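Okay, so here's the structure we're looking at.
Chains as they are written, first to last, in full-length UniProt numbering: chain A, 1 to 369; chain B, 1 to 369.
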């Protein structure tokens, strides 16, 4: 069964997420009705094929997907529950507890409400950035308030599957705690590290390597959106952040002791072990992140190749990797500022690295591996 | 002029960096003499072609490159200055102030000492990981103590150029402050964020996206090495970290206010602006990181394509990018745990994105862009 068999789907809010939901459902033949307070956003969503603007003659929707900005989500969900008394209503806000609390406070019919959080996004926003494949292979968290009806949960599960996502059912609080630690605190940490670069010399920034770029990539995120998200999940984010600050203070104390010493042997007992533990704890945490195929994080061997910065060179390299019969599991590119050469780090299964190195060398590639 | 014209080069410490220096110089016909307290490391370095083990009959070196662990670097530099009274001595430790301070305290001949810090490294270590191209295109910081002789600085500059690096002259303190902000604090932040994952549920980790992976990639670093580095640069790292903690406390205060409110309109005046400013400051800092060709960070347009996880698919995609006549400026791969499809984010010059999207669509690729 697909959501198409349930009846029309109303998408309220036709930004990136809403319009992408519409596009993906339209491919399944679902009757998608669009609503947005912005006439421009609505017309754009229609033009990209996300559905048809709703009007008084639209049939009653069976499912309403609220994809409004986080700070108005609860109001729009409440209005949708009232306007469509037979419909299941879900929303896609990235924090779930505050939506549920506001709905409960407003006396909304929670049997027909199920929270959603599709773990998908892009650097671009708005309906013109919408694509039907946005959710393919991504987790789609479904939060059952405990009062949600079984059919309501099932309808949202079908929605997730229809757009190509992987449904994951979680408690509301569990979800909010999870995104605090895997998304919201990393965002803040990235911003805080990047903010320190404002005061740095240009000469210092010229020494930036891939590590800094990785850590600060999230720092380019939209302040208005993230203010909404962080404020909505303030308690859970604060809990993780307070624990992080405690760890930070321990490291700062050890650094104070190290700074006061004249050499490693003079550092007060335990300070070096404290620093080492902080780094090791980070390694233990990072190792828990699921890898590409659900496995551990670092189970590939990396072969690094120098690649001239010309059109087609990387394609030629990857063609040679394919010709060597080796499956590329991951690829990282690193460029040096102002230099005509980059490094491609190719992750392969450990047993394939040596063969790949031999083949690439034979084909004239310069390895850094 | 190359370092080859100066005379033999002695490499003391044949780990990844030392052996890679030897390999790169050997390609220029330089007589490279190797020293290492580990007979295994020495033999391995010889076997990979990094040079010839030094003995009593070795001619006096003109340049000594100390590539010892950071905590013994100053001692080894002092011993090398004493053992080779005509030689210029440099080291490759990633913190420079403490080496200079220890040498000064030991009464070493600072006219013949010049600090180096090649900004290069790999995930693997040891002489078997050594490659001649390790330094190609990377900055090689040269720190002149103020007492270094002109010829000594010149010799080290030639060394950097000979191994393919870009020499960058900086003050010792300026260097240490720079690496604190662009390397050491990002490492610690990555470790601290990743350490929070130890206590997270598996369900939470399953929601991990590319952002978390980026922020925590450095967290897999070696604790022993990083303890040496952080302890050696403790004062500079602490200064940046204290400033970061002040920013963190401001955010925590704002989150406390937001957590106490029942909705955005109830949050105490200024708290939301505080959060927004923290994110915006991070964006401003990140925008200062030089990009691939020395330009700004985000001047490319990203085209995202769904790529089946089969050998050759990525090569086929990049072949099609090349066939479209578009130069690929950067490439990021993202995989979803357990799913047979990945997303390739292709950075291209803004004027080329639309053409590329048209061409790739025509060739049957599914775009997320």
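From the three backbone atoms N, C-alpha and C, an ideal C-beta is built for every residue, glycine too. Predicted model only: the values in this text are computed from it and were never measured.
Output yes if chain A places a C-beta closer than 8 Å to the C-beta of residue 142 of chain B; else output no. Taking the second chain and counting its residues from 1, one reaches residue 142 of chain B at position 142. No, residue 142 of chain B lies away from the interface with chain A (no Cβ there is under 8 Å from its Cβ).
If contact is defined by three or more beta carbon pairs under 8 Å, each pair taking one atom from either stretch, is the segment 173-180 of chain B in contact with the segment 311-320 of chain B? In short, these stretches do not touch, since the Cβ pair count stays below three.
Name the one or two DSSP bridge partners that residue 198 of chain A has. Translated into the one-based positions of the first chain, residue 198 of chain A becomes position 198. Paired residue(s): none; residue 198 of chain A is not in a bridge.
Let me know the alpha helix (DSSP H) ranges lying completely inside the segment 260-292 of chain A, each 4 residues or longer, listed in chain order. For the segment 260-292 of chain A, whole alpha helix (DSSP H) runs of length 4 or above, ordered along the chain, are 271-286.
Skipping 5 residues on each side, what residues in its chain have a beta carbon closer than 6 Å to that of residue 258 of chain B? What you label residue 258 of chain B is simply residue 258 of the second chain in a count that begins at 1. So the qualifying residues of the chain are 267, 271.
Proximal residues of chain A, C-beta to C-beta of residue 172 of chain B below 9 Å: Against the second chain, residue 172 of chain B aligns to sequence position 172. Under the 9 Å cutoff, chain A gives no residues; its nearest Cβ is about 13 Å from residue 172 of chain B.
Can you find a CB in chain A that lies within less than 8 Å of the CB of residue 226 of chain B? The residue given as residue 226 of chain B occupies position 226 in the second chain. So yes, residue 226 of chain B belongs to the interface.
Is residue 352 of chain A near the ligand ZN, in the sense that its beta carbon is under 7 Å from a heavy atom of that ligand? Ligands are entirely absent from the displayed structure, and the ligand ZN is therefore not among its contents.
Residue 112 of chain A versus residue 121 of chain B - alpha carbon distance: Looking up residue 112 of chain A in the first chain gives position 112. Looking up residue 121 of chain B in the second chain gives position 121. The straight-line gap from Cα to Cα measures roughly 56 Å.
Using beta-carbon positions only, say whether residue 192 of chain B and residue 282 of chain A come within less than 8 Å of one another. For the purposes of this step, residue 192 of chain B is taken as residue 192 along the second chain, with counting starting at 1. For the purposes of this step, residue 282 of chain A is taken as residue 282 along the first chain, with counting starting at 1. A contact, by the Cβ cut-off of 8 Å.
Would you call residue 355 of chain B buried or exposed, if buried means 16 or more other Cβ atoms sit within 10 Å of its Cβ? Start at 1 with the first residue of the second chain, and residue 355 of chain B comes out as number 355. Looking at its Cβ environment, which holds fewer than 16 other Cβ atoms inside 10 Å, residue 355 of chain B is exposed.
Contact with chain A by residue 322 of chain B, beta-carbon distance below 8 Å: Taking the first residue of the second chain as 1, we reach residue 322 of chain B at position 322. Output row for residue 322 of chain B: interface = yes.
Please classify residue 362 of chain A: is it buried, with 16 or more other beta-carbons within 10 angstroms of its beta-carbon, or exposed? What you label residue 362 of chain A is simply residue 362 of the first chain in a count that begins at 1. By the 10 Å Cβ count, residue 362 of chain A comes out exposed.
Can you name the residues of chain B whose CB is closer than 9 Å to the CB of residue 346 of chain A? Reading the first chain from its first residue, position 346 is the one you call residue 346 of chain A. Under the 9 Å cutoff, chain B gives no residues; its nearest Cβ is about 10 Å from residue 346 of chain A.
Taking only beta-carbon positions, decide if residue 145 of chain B is within less than 8 Å of chain A. Reading the second chain from its first residue, position 145 is the one you call residue 145 of chain B. Not an interface residue.
If you measure between the beta carbons of residue 48 of chain A and residue 65 of chain A, is that distance less than 8 Å? As a position in the first chain, residue 48 of chain A is number 48, starting the count at 1. As a position in the first chain, residue 65 of chain A is number 65, starting the count at 1. It is not a contact, given that the beta carbons lie outside the stated cut-off.
For residue 102 of chain B, go through chain A and note every residue whose CB falls closer than 9 Å to its CB, in chain order. For this step, residue 102 of chain B is matched to residue 102 along the second chain. When 9 Å is used as the limit between beta carbons, residue 102 of chain B is near these residues of chain A: 262, 263, in chain order.
Does the beta carbon of residue 77 of chain B come closer than 8 Å to any beta carbon on chain A? By 1-based counting over the second chain, the position of residue 77 of chain B is 77. Chain A has no Cβ within less than 8 Å of the Cβ of residue 77 of chain B.
Does the beta-carbon distance from residue 255 of chain B to residue 234 of chain A come in below 8 Å? By one-based count along the second chain, residue 255 of chain B stands at place 255. By one-based count along the first chain, residue 234 of chain A stands at place 234. Result yes, Cβ atoms of residue 255 of chain B and residue 234 of chain A sit closer than 8 Å.
Find the nearest neighbour of residue 35 of chain A within the set A/44, A/27, A/226, A/185, judged by alpha-carbon distance. Sequence index remark: in the first chain, residue 35 of chain A carries index 35 (1-based). Residue A/44 holds the alpha-carbon nearest to the alpha-carbon of residue 35 of chain A among A/44, A/27, A/226, A/185.
Over the uninterrupted beta strand (DSSP E) stretch that includes residue 35 of chain A, give me the two end residues. Residue mapping note: residue 35 of chain A aligns to position 35 of the first chain, counting from 1. Looking at the DSSP string, the run of the beta strand (DSSP E) that includes residue 35 of chain A is 32-35.
Assign residue 238 of chain B to one of three DSSP states: helix, strand, or coil. Counting from one through the second chain, the residue named residue 238 of chain B turns up at place 238. Under the three-state reduction of DSSP, residue 238 of chain B is assigned to helix.
So, with DSSP's three-state summary, where would you put residue 310 of chain B? For the purposes of this step, residue 310 of chain B is identified with residue 310 of the second chain, where counting begins at 1. Assigned with DSSP and collapsed to three states, residue 310 of chain B falls in coil, not helix or strand.
Taking just the CA atoms, how far does residue 130 of chain A sit from residue 24 of chain A? To locate residue 24 of chain A, count along the first chain from 1; it is residue 24. To locate residue 130 of chain A, count along the first chain from 1; it is residue 130. Computed Cα separation, rounded: 10 Å.
Residue nearest to residue 370 of chain A in terms of C-alpha spacing, selected from A/11, A/183, A/106: The displayed coordinates of chain A run from 1 to 369. Any statement about residue 370 of chain A would go beyond what the structure contains.
Name, please, each residue of chain A whose Cβ falls closer than 9 Å to the Cβ of residue 187 of chain B. Taking the second chain and counting its residues from 1, the one referred to as residue 187 of chain B is at position 187. Per Cβ cutoff of 9 Å: 211, 215, 279, 282.
Closer than 9 Å by beta-carbon distance: list the chain A residues that pair up with residue 179 of chain B, in chain order. Reading the second chain from its first residue, position 179 is the one you call residue 179 of chain B. Correct list: 204, 207.
By the criterion of Cβ-Cβ separation under 8 Å, what are the contact partners of residue 237 of chain B in chain A? To locate residue 237 of chain B, count along the second chain from 1; it is residue 237. Within 8 Å Cβ-Cβ: 255.
Taking the alpha carbon of residue 368 of chain A as the reference point, which residue from A/317, A/37, A/324, A/304 has its own alpha carbon closest? For the purposes of this step, residue 368 of chain A is taken as residue 368 along the first chain, with counting starting at 1. The candidate whose alpha carbon is nearest that of residue 368 of chain A is A/304.
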